[in-house]
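**Student:** Right, I'll just put the structure down here and ask away after.
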Amino acid sequence: MVAVLRARGFTVSDEVRRRIESCDDLETLEAWVPRAVTVARPEDLFG
Numbered sequence: 000m001v002a003v004l005r006a007r008g009f010t011v012s013d014e015v016r017r018r019i020e021s022c023d024d025l026e027t028l029e030a031w032v033p034r035a036v037t038v039a040r041p042e043d044l045f046g
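The structure is reproduced here in structure tokens:
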């Protein structure tokens, strides 16, 4: 997820990185993947 956000040109904050890396729920992670491709900013991933 972090790699996708970075590839899109975003700077990923430590807070966003920690939230992504600490998630161990597969369903949540799978929901975040398509969002990572379309969000306007990394923080919107969780909304």
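In numbering that gives the first Met the number 0, the protein residues as written are 0 to 46. The beta carbon of each residue, even a glycine, is placed where N, CA and C say it ideally should be.
Can you check whether the CB of V3 is closer than 7 Å to the CB of A39?
**Tutor:** For the purposes of this step, residue 39 is taken as the residue at position 40 of the sequence shown. For the purposes of this step, residue 3 is taken as the residue at position 4 of the sequence shown. No, the pair does not count as a contact, with Cβ atoms beyond the cut-off.
**Student:** Rounded to whole angstroms, what is the Cα-Cα separation between P41 and V15?
**Tutor:** Locating residue 41 in the sequence shown gives position 42, counting from the first residue. Locating residue 15 in the sequence shown gives position 16, counting from the first residue. Cα to Cα, the separation comes out at about 7 Å.
**Student:** May I have the straight-line CA-CA distance separating T37 from A30, to the nearest angstrom?
**Tutor:** Reading the sequence shown from its first residue, position 38 is the one you call residue 37. Reading the sequence shown from its first residue, position 31 is the one you call residue 30. When rounded, the distance between both Cα atoms is 12 Å.
**Student:** Using only the alpha-carbon positions, how far apart do S12 and E26 sit?
**Tutor:** The count along the sequence shown starts at 1 and reaches residue 12 at position 13. The count along the sequence shown starts at 1 and reaches residue 26 at position 27. Each residue's alpha carbon lies about 23 Å from the other.
**Student:** CA-CA distance, R5 and D43?
**Tutor:** Position 6 of the sequence shown, counted from the start, is the residue given in the question as residue 5. Position 44 of the sequence shown, counted from the start, is the residue given in the question as residue 43. Spanning the two alpha carbons is a distance of roughly 14 Å.
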